[in-house]
Amino acid sequence: MLIVALSALVPRSAAQGVNVTGRVIAHDGANPPSVISAVVWLTPIGQQGSDPPDVHPMHSVLRQKNKAFEPHLLAVTKGSTVDFPNLDPWFHNVFSLFNGKKFDLGLYEAGTTRTVHFDREGVSYIFCNIHPEMSAVVVVVTSPSFAVAGKNGDFSIPAVVPGRYILHVWSENSLPEALQALSREVEVNETTNSVGTLRIHETEPAKTQHKNKYGQDYEPPSPNNPVYAQP
């Protein structure tokens with residue numbers, strides 16, 4: 002089960018908005034609660050299906066280092082750009098073919114960077130065409146009020162304008178219908194506020210081997226090929 006405890010704290014100035022905080026904890030029905038990687042965001046009621054006027058594009062970075070993406074989970078607003086610098090001493094080929102933004106950055110060497118414009122709302126699962134162990138997720142939202150839970154499960158959504166919102170939660174190992182069931186109306190105001198507890202059954206991590214960008218199995222690395230160089 003997934004538990005999200007959400008509260009709104011009184012700000013110093015109402016004009017600055019309300020600091021909405023909470024903690025995300027995972028349950029699978031058998032093991033003790035554990036921290037889960039998740040994105041939490043608030044969509045103003047009455048603006049469903051359209052972008053709020055105060056949503057501004059961001060410029061973020063998703064690094065490739067030690068054959069891993071850093072961070073693994075990134076949340077940005079619609080229209081944002083994300084740089085993909087290669088900080089490893091070998092080639093990478095970043096791509097995404099599923100659900101959200103679809104792109105293929107091609108082979109690029111150490112010390113170089115490619116950039117992607119995330120112009121649609123949704124979830125993009127990102128891989129490297131050379132190293133199958135590399136994966137990341139970019140969640141694109143159409144709200145300025147969002148946060149990624151930290152390593153201890155805590156999150157903080159700053160400067161939320163008082164009003165009525167739909168609360169959304171996304172986590173990598175939860176089914177879409179379970180995540181949809183978490184959405185509910187909340188009201189943010191200058192007094193202490195809580196939406197109580199949200200619960201979801203978490204599925205097993207999606208660790209099945211994915212295909213490369215051609216829809217084929219990955220080739221074993223070759224020590225004589227610099228593209229597939231190992232540390």
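Position 61 of the sequence shown, counted from 1, bears residue number 62 in this note's numbering, the numbering being contiguous throughout. The beta-carbon is built from N, C-alpha and C at its ideal position, and this holds for glycine as well. All values derive from a computational prediction rather than experimental measurement.
- Here Pro90 is exposed, its C-beta having fewer than 16 other C-beta atoms within 10 Å.
- For Leu168, the uninterrupted beta strand (DSSP E) run begins and ends at Gly164 to Ser172, by DSSP.
- Leu63 and Phe70 have their alpha carbons spaced roughly 6 Å apart.
- The residues Ala148, Phe156 and Val170, in chain order, have a CB closer than 6 Å to that of Val41 in the same chain once the five nearest residues on each side in sequence are set aside.
- Contact check for Asp120 against Lys79 passes: the beta carbons are separated by less than 9 Å.
- Distance from the Cα of Val124 is smallest, within the candidate group Val142, Gly107 and Val19, for Val142.
- Val21 and Asp218 have their C-alpha atoms some 44 Å from each other.
- Taking Glu134 as reference, the option from Val25, Gln210, Arg115 and Val56 with the minimal CA-CA separation is Gln210.
- With a 10 Å radius around the Cβ and a threshold of 16 neighbouring Cβ atoms, Lys103 comes out exposed.
- Rounded to the nearest whole angstrom, the C-alpha separation of His28 and Ser172 is 12 Å.
- Residue range Pro177 to Leu183 is occupied by the alpha helix (DSSP H) that includes Leu183.
- About 6 Å separates the CB atoms of Val189 and Tyr166; that is less than 8 Å, so the two are in contact.
- Closest in alpha carbon position to Glu186, among Ala179, Ser175, Leu168 and Glu178, is Leu168.
- Residue state for Gln217 is assigned as coil, using DSSP reduced to three classes.
- Remark: C-beta atoms of Ile46 and Gly154 do not approach each other more closely than 9 Å.
- Looking from the CA of Lys212, the closest CA among Leu183, Ala160, Phe128 and Pro163 belongs to Phe128.
- With respect to the C-alpha of Val19, the residue from Glu178, Asn87, Ala179 and Pro163 having the closest C-alpha is Pro163.
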